[in-house]
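Numbering (our numbering), first residue to last: -2 to 73.
Written out as structure tokens, the structure is:
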């Protein structure tokens, strides 16, 4: 996972979820905020301890993970 050097997973932090640089900020939270309509700049304003590359790497990591397995969606 060298390409994801800002993404960490430790059992003692957020239950082992993928986090940003060992902080209690999960990749899921970052991606969820972007998905909810926040811009990267707004997200960085809300979380000043994050860096632009943290957000970009979280998005790349989420894309990589979603490509790794098939997710069945319930039909409407």
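Where is the CB? At the ideal position from N, CA and C, for every residue including glycine.
| Query | Result |
| --- | --- |
| 7 Å Cβ shell around residue 44 - same chain, five flanking residues per side excluded | 22 |
| Identified DSSP bridge partners for residue 36 | None, per the DSSP bridge assignment. |
| Coarse secondary structure for residue 31, derived from DSSP in three states | helix |
| Meets three-Cβ-pair contact criterion under 8 Å: the stretch 52 to 63 and the stretch 1 to 14 | yes |
| Contacts around residue 18, its chain only, beta-carbon distance under 6 Å, and the 5 residues preceding and following it disregarded | 3 |
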